[in-house]
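For reference, the structure is listed below as structure tokens.
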Amino acid sequence: MDLAFALGKLNGLVMGTILVAGCAGQPNSLLTSGSVNDQAKLAVTDYVAASMLSPAGHSVSGLADGRVRVTATGSATTPVDRLQKIALARAAEYGSVENKKFFQASPPVTSYRCQKGERLERGNTVKQPARAYTVVTVDVTYSPTAVDTSYQPTKATAAAIQQEIVAQMVPPDVQAATADLVVAQCSSQRKS
Numbered sequence: 013m014d015l016a017f018a019l020g021k022l023n024g025l026v027m028g029t030i031l032v033a034g035c036a037g038q039p040n041s042l043l044t045s046g047s048v049n050d051q052a053k054l055a056v057t058d059y060v061a062a063s064m065l066s067p068a069g070h071s072v073s074g075l076a077d078g079r080v081r082v083t084a085t086g087s088a089t090t091p092v093d094r095l096q097k098i099a100l101a102r103a104a105e106y107g108s109v110e111n112k113k114f115f116q117a118s119p120p121v122t123s124y125r126c127q128k129g130e131r132l133e134r135g136n137t138v139k140q141p142a143r144a145y146t147v148v149t150v151d152v153t154y155s156p157t158a159v160d161t162s163y164q165p166t167k168a169t170a171a172a173i174q175q176e177i178v179a180q181m182v183p184p185d186v187q188a189a190t191a192d193l194v195v196a197q198c199s200s201q202r203k204s
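Reminder that position 187 of the sequence shown reads as 199 in my numbering, one-by-one numbering, no gaps.
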């Protein structure tokens, strides 16, 4: 076997292991039966794009009427006001990237996504940690001009809110209280 080929395969294996280990270590889920101390150890969601592997973050989708829906999904320890900032920052940034000068966002809508602590794999039920997320959505309209005072400039707004998000520190007691609220919401959803 060629030495360069062998080193390339080894490098790929090591990088794959690091990626998997890194993803496994992402604390974006909540073991809903865990203690408040366990919940407080979860990371507060940052301004990042959501993905299939990590649903915590922001995403953008188009609506049939030409508006855009921006969703910010956060770990159970992420306060709603931070998720609202993430959604608005992404709405503004998306408009700026798309060369839209101004945007108007609907009032944020907050919901909770609660996932069971089991999944079906090859016909068998497999236990896994239950997960809970707070979800904030805003519907956004873009315009080349400020139609009225509710329209904000995209570029300046994106920069300002992103700076606020970076500077925002969420104390452990606020994280724990937020996680308790999310757990309560998920518990009430299961009962109904």
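Beta carbons: idealized from backbone N, C-alpha and C, even for Gly.
Item checked: Any beta strand (DSSP E) of 3 or more consecutive residues that is wholly inside the region 104-144 -> 114-117, 121-127, 130-133 and 136-139
Margin query: Can you give me the C-alpha to C-alpha distance between Thr89 and Cys126, rounded to a whole angstrom?
Written below: Cα atoms of Thr89 and Cys126: separation of roughly 14 angstroms, rounded to the nearest angstrom.
Item checked: Same chain, Cβ closer than 7 angstroms to Tyr163, five either side skipped, listed in chain order -> Phe114, Phe115, Gln116 and Ser155
Notebook entry, point to check: For the region 175-182 against the region 75-82, are there 3 or more C-beta pairs whose distance is under 8 angstroms?
Noted result: no
Notebook entry, point to check: How is Ala196 classed by DSSP in three states: helix, strand or coil?
Noted result: Three-state DSSP puts Ala196 in a helix.
Next item on the list: Sort out for me which residues DSSP pairs Asp151 with in a bridge.
Entry: Arg81
Checklist line | DSSP-derived helix/strand/coil call for Val72 | finding: Residue state, collapsed to three classes: strand.
Check: Considering Val56, what are the terminal residues of the alpha helix (DSSP H) in which it resides?
Finding: Note, Val56: premise wrong, no alpha helix (DSSP H); not H, not E.
Item checked: For Ile180, the three-state DSSP class (helix, strand or coil) -> Residue 180 is actually Gln in this sequence, not Ile. In this structure, Gln180 counts as coil in the three-state DSSP scheme.
Item checked: Pick from Arg81, Asn111, Ser123 and Tyr59 that is closest to Pro194, judged by C-alpha positions -> The amino acid at residue 194 is misidentified as Pro; the sequence shows Val. It is Ser123 whose Cα lies nearest to the Cα of Val194.
Notebook entry, point to check: For Asp185 versus Arg81, is the C-beta spacing smaller than 7 angstroms?
Noted result: no
Item checked: Bridge partners - Pro165, DSSP secondary structure assignment -> Phe114
Notebook entry, point to check: Just to confirm, are Val148 and Gln201 a CB contact at a threshold of 7 angstroms?
Noted result: no
Checklist line | Rounded C-alpha distance that separates Gln187 from Ile177 | finding: 15 angstroms
Notebook entry, point to check: Within 10 angstroms of its Cβ, does Pro119 collect 16 or more other Cβ (buried), or is it exposed?
Noted result: exposed
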